[in-house]
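I have placed the structure first, in the form of structure tokens, so that the comments after it can refer back to it.
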């Protein structure tokens with residue numbers, strides 16, 4: 006029902022099927038950010054995680070001004086998961102926590118897993134694993150014709 010995903014603009018240009026009326030407005034024209042400060046709302050282990058992951062995403066040219074709220078949302082979920090994990094660890098670890106858990110009590114271990122899954126869903130958009138990285142298109146940039154491998158092979162025309 007969904008059909009095949011559209012070809013990237015670069016592929017249309019290589020194949021000679023590029024039509025300005027159909028393909029010129031595809032992708033994003035937002036400039037990638039060189040660096041991003043961690044929001045004040047992100048603290049603790051989530052801030053450490055931000056400082057280790059987000060600079061790499063910026064170097065890969067995957068972070069734009071439009072993606073900042075999405076990233077902040079992802080790290081908010083990571084932060085909530087760490088709060089739940091701290092509650093479980095304070096009870097003596099997951100085994101001890103589950104043994105003392107009352108039947109109607111909030112299960113912080115399950116909440117931590119749920120929050121971590123939310124974090125992973127958002128980070129998949131940025132290519133957090135090799136499989137997801139293959140699916141990420143990245144920021145669309147205009148390529149110079151003289152750097153195109155096909156044109157070099159053809160002798161620039």
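In my numbering, the protein residues as written are 6 to 162. For glycine and all other residues, C-beta sits at the position ideal for the given N, C-alpha and C.
Asked, Found
"Cβ-based burial, residue 78 [other Cβ within 10 Å; buried from 16]", "exposed"
"Minimum Cβ-Cβ distance from residue 88 to chain C less than 7 Å", "Absent from the structure: chain C. Only one protein chain is present."
"Where residue 74 sits in the DSSP three-state scheme", "helix"
"Start-to-end residues for the alpha helix (DSSP H) that takes in residue 126", "113 to 129"
"Touch test, the stretch 75 to 91 against the stretch 41 to 60, Cβ-Cβ under 8 Å, three pairs minimum", "yes"
"Whether residue 59 touches residue 38 by CB criterion (7 Å)", "no"
"Under 7 Å between C-beta atoms of residue 124 and residue 62", "no"
"Same chain only: Cβ atoms within 7 Å of residue 41, ignoring 5 sequence neighbours per side", "59, 63, 68, 73"
"Assigned secondary structure, residue 36 (DSSP; H/G/I helix, E/B strand, else coil)", "coil"
"Helix, strand or coil at residue 96 [DSSP, three-state]", "coil"
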